[in-house]
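Below is one structure, written out as structure tokens; comments come after it.
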Amino acid sequence: MVSDKNSVERIIKNPNLTQRIEPDWCDRPSIEVAPDLIGCTLLRQMPDGPLIRALIIETEAYAPGDPACHAYRGKSKRNAAMFGPPGHSYVYLIYGMYHCLNVVTEAEGIGSAVLIRALSLDSLPPQLTPEQAKKPHRVAAGPGKLCRALEIDRSLDGVLYHPANGLWLEHREHSVSEPDLVQTTRIGITKAAEQPWRWYLRDHPAVSKK
DNA sequence: ACAATGATAGTT
DNA sequence: ACTATCATTGTA
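For the first sequence, full-length UniProt numbering gives the first residue as 1, with consecutive numbering after it.
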């Protein structure tokens, strides 16, 4: 079970068993990619040295024709990456102080993406605030918090998920059992709020909200 | 319940 | 130019 602590430790000890997620895998509807990304690994080569591996615990899908999707009203400077090729990032600033990280889905020209909402980190980034150090399992519990922890901002907008860019994805090493994958409604939106396009690992301590 | 904080989209 | 809104978070 992926949420089991021993499984996480096994993944950390066997990094050579993993396989990078490539753009073609992301070339399908965000509503399919979002649940499939649960249990996959996000890797971040921090600018100042350490490599951080993180299990994806929580995602949300944003689709074409979805009023809650940033791409709903067409292409703009901010959301251009959503219309770009799959397997790239879309990073935006929200509420003037937090960044959010997405995986772009579907072919170029189609505006859709998966928001990464929570991660379980294998190691803690340097320079934690006392607040963060107190609850290490919550350091990446939320889309704004995970970008702060991994030093992700708009300079990483529109880049290919690839080691060369210091940011990439790897496939699951362990399957996620059906009962552990919870599907529910998205958080923090007012439009299309009834769509059940959020997924998370049941009972995982890094889930942003119940 | 609400303030922090800035970019964006829609309206004068 | 002005204003409401926003895929959030921490504090009260």
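Where a beta carbon is used, it is the ideal one built from N, C-alpha and C, also for glycine.
Check for me: the alpha helix (DSSP H) holding residue i runs from which residue to which?
i	result
isoleucine 31	30 to 37
arginine 148	143 to 149
alanine 133	130 to 134
Buried or exposed: where does residue i fall if 16 or more other Cβ atoms within 10 Å of its Cβ makes it buried?
i	result
isoleucine 21	buried
threonine 185	exposed
methionine 82	buried
alanine 164	exposed
Rounded to the nearest angstrom, how far is the Cβ of residue i from that of residue j, given a contact under 8 Å?
i	j	result
glutamine 19	histidine 171	5 Å
tryptophan 168	leucine 51	Between leucine 51 and tryptophan 168 the Cβ distance is about 11 Å, and since that is not below 8 Å, they are no contact.
Check the DSSP bridge columns for residue i and list the partner residues they point to.
i	result
leucine 119	Ile56
serine 89	Val103
valine 176	According to DSSP, valine 176 bridges with nothing at all.
arginine 198	Glu60 and Thr184
arginine 20	Glu170
Would you mind reading off the limits of the beta strand (DSSP E) that contains residue i?
i	result
arginine 170	Per the sequence shown, residue 170 should be read as glutamate rather than arginine. Per DSSP, glutamate 170 belongs to the beta strand (DSSP E) from 167 to 170.
tyrosine 72	Neither: tyrosine 72 is in no beta strand (DSSP E) and is coded neither H nor E.
leucine 42	41 to 45
How big is the Cα-Cα spacing for residue i and residue j?
i	j	result
glutamate 178	alanine 71	31 Å
leucine 121	glutamate 32	24 Å
tyrosine 84	histidine 204	Correcting the residue type first, residue 84 is glycine in the shown sequence and not tyrosine. Each residue's Cα considered, the two are about 32 Å apart.
glutamate 60	leucine 115	5 Å
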